[in-house]
Amino acid sequence: MISVLENSLTDYLKLVKPYISPQLISPENWYSINTLSQVFPRAITSFFGFECHLGIKEAHADFLICADAAEAGRKILAGDNYSITLPSSLMEHPVWSNIRDFSSNWNTDTSSIYEKVRNVWLEFDINELPTIPIPSCFFGPEPIYSAKSKNQHSYEWVSHALKLLMGRTLPDKVEKQLFNCFDLLPKEAYVFQIGVMLARKSDLVRICIRNISPEQILEYLTQMNWQGCLSELKPILTKLSTLVERIDLDIDVGEAILPKIGLECYLGKQPKFESRWQSFLNYLVEIGLCIPQKRDALLAYPGYLRERSNQELWPNGLLELSNFLGAEYERVFFRGLHHIKVVYQPQKLEAKAYLYASHSLLSPQFVSQWRNQQHASV
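Using my numbering, the first residue of the sequence shown is number 6, and each one after it goes up by one.
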């Protein structure tokens, strides 16, 4: 039995839940997410989110937590005599023991990964929650460029990081393929996330690549001897590139590059200030990748919640911190659409939305400037 924590992530979810349509997350799904969130101290993150499948009627989301190197999350995961801890019963599972080993290294300033890892993402499949919840784990490295680029050095630290997370050495053929993926990156492209599906005991490594054009994606996959169909993928990429600002590429690396890939589609502002969200989601509805009810729910989600207007809802610890700092500061919770991922595999497409929630301590002057610049999630 996992301990239920005081000051848990549930406090944050209470501020977000009223703004997420039941078309996206059902009451039963919320119950499971809340149960999971009670295991984690809220201090572990200031940035979390939900993954929603858009083409199905079922209102279901998975849950994601980001632990940042510059915040308490790294220390909490490491458990190195920090005042806020995870339940000890989690560490009875070997996957969590590996996550702790990784995080302890990450939190040690003499470690090879201390300055190279910016954040860690824990992603929970809510449909498959065992007694001890087991996440997939991604880490956000300092940008990894090709060794052929002037920006890049050795990749060996990545193997060390993966060994810590997986509890075993990456197979030689997989490591060789992974390093080949790095070597063949286009000149300005870089890897910004590396992940492993810890719950599945797989040797596959997922890498997420940014600053790569649609044309470069096709060329890169060709060089990698990708097992998918380029002639099928090309028109999909061409169409998506007319609808969004940027497409990032997700690939699964084993001894070969698997046919299934992710196309992360981004727009720079939230729907109130960016009409292309509506156009993009309309297109996904037209081709059967998103049901209309979920499109409407996504467009209605972004916004923000100010501490001063919602003190009865605010977690006590956050109120105390704001009061200590003085009247010129207040905490604001932001909600927004992070990106839409179009998942391609031969003769099959699906779409997933990634909704985020975050909080920051801001001055009134900053809030005013932020709104005037139309960067608001409203």
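Glycine included, each C-beta is placed from N, C-alpha and C at the ideal position.
Can you grab the Cα-Cα spacing for the pair P219 / D255, in whole Å?
C-alpha separation (whole angstroms): 13 angstroms.
Cutoff 6 angstroms; reference D73; Cβ partners in own chain excluding five residues on either side
N124
Could you say if the region 109-128 and the region 157-172 meet the contact criterion of at least three C-beta pairs nearer than 8 angstroms?
yes
Which stretch, first to last residue, makes up the beta strand (DSSP E) that contains V196?
195-201
Using the Cα positions of T40 and L242, report the straight-line distance between them to the nearest angstrom.
39 angstroms
Looking at C-beta atoms only, is the number of pairs between the region 190-209 and the region 129-148 that lie closer than 8 angstroms three or more?
yes
Between the alpha carbons of Y359 and T174, how many angstroms are there, rounded?
31 angstroms
One or two residues paired with F184 in a DSSP bridge:
In the DSSP assignment, F184 is bridged to no other residue.
Is it buried or exposed for Q275, if we count other Cβ within 10 angstroms and need 16 for buried?
With 16 or more other CB atoms across the displayed protein chains lying within 10 angstroms of its CB, Q275 is buried.
Is the beta carbon of L286 less than 8 angstroms from the beta carbon of V347?
At the C-beta level, L286 and V347 stay beyond 8 angstroms of one another.
Taking buried to mean at least 16 other C-beta atoms within 10 Å of its own C-beta, is Y313 buried or exposed?
The identity of residue 313 in the sequence shown is Arg, whereas the question assumes Tyr. Exposed, because fewer than 16 other Cβ atoms sit within 10 Å of the Cβ of R313.
According to DSSP, which residues form a beta bridge with G145?
N124
In chain order, what are the residue ranges of uninterrupted alpha helix (DSSP H) at least 4 long that sit wholly in the region 255-338?
281-291, 297-305, 321-330
In DSSP terms, what A4 is bridged to
Because the chain spans 6 through 383 in this model, residue 4 falls outside it and cannot be assessed.
Would you mind reading off the limits of the alpha helix (DSSP H) that contains F107?
99-111
What does a CB cutoff of less than 7 angstroms around F129 pick up in its chain, not counting 5 residues either side in sequence?
L41, D67, F68, P138, P140
In angstroms with no decimal places, state the Cα-to-Cα distance between H380 and P46.
Its pLDDT being 49, under 50, H380 is placed unreliably by the model, and nothing is read from it.
Quick one: what does DSSP say Q228 is sitting in, helix, strand or coil?
helix
Return the CA-CA distance between M6 and S37, expressed in angstroms with no decimal places.
Confidence at M6 is low in this model, with a pLDDT of 46, below 50, so its placement is unreliable and the value that follows should be read with caution. Roughly 15 angstroms between the two C-alpha positions.
Among I217, E63, T15, which residue has its Cα nearest to the Cα of C295?
E63
Exposed or buried, what is A75 when buried is set at 16 or more other beta-carbons lying within 10 Å of its beta-carbon?
exposed
What residue range is occupied by the uninterrupted beta strand (DSSP E) comprising I214?
210-215
Using the Cβ count rule (16 or more neighbours within 10 Å means buried), how would you classify S382?
Caution applies to S382, whose pLDDT of 44 falls short of 50 and renders its modelled position unreliable; the model cannot decide the point.
Reducing DSSP to helix, strand and coil, say where A152 ends up.
coil
Candidates S116, P191, G172, E317, of which the one nearest S151 by Cα
Considering only alpha carbons, the answer is P191.
Based on Cα-Cα distance, which residue from R251, I212, S26, F52 lies nearest to Y17?
Considering only alpha carbons, the answer is F52.
For the alpha helix (DSSP H) that D114 lies in, which residues bound it at each end?
Careful: D114 lies outside any alpha helix (DSSP H) and carries neither H nor E.
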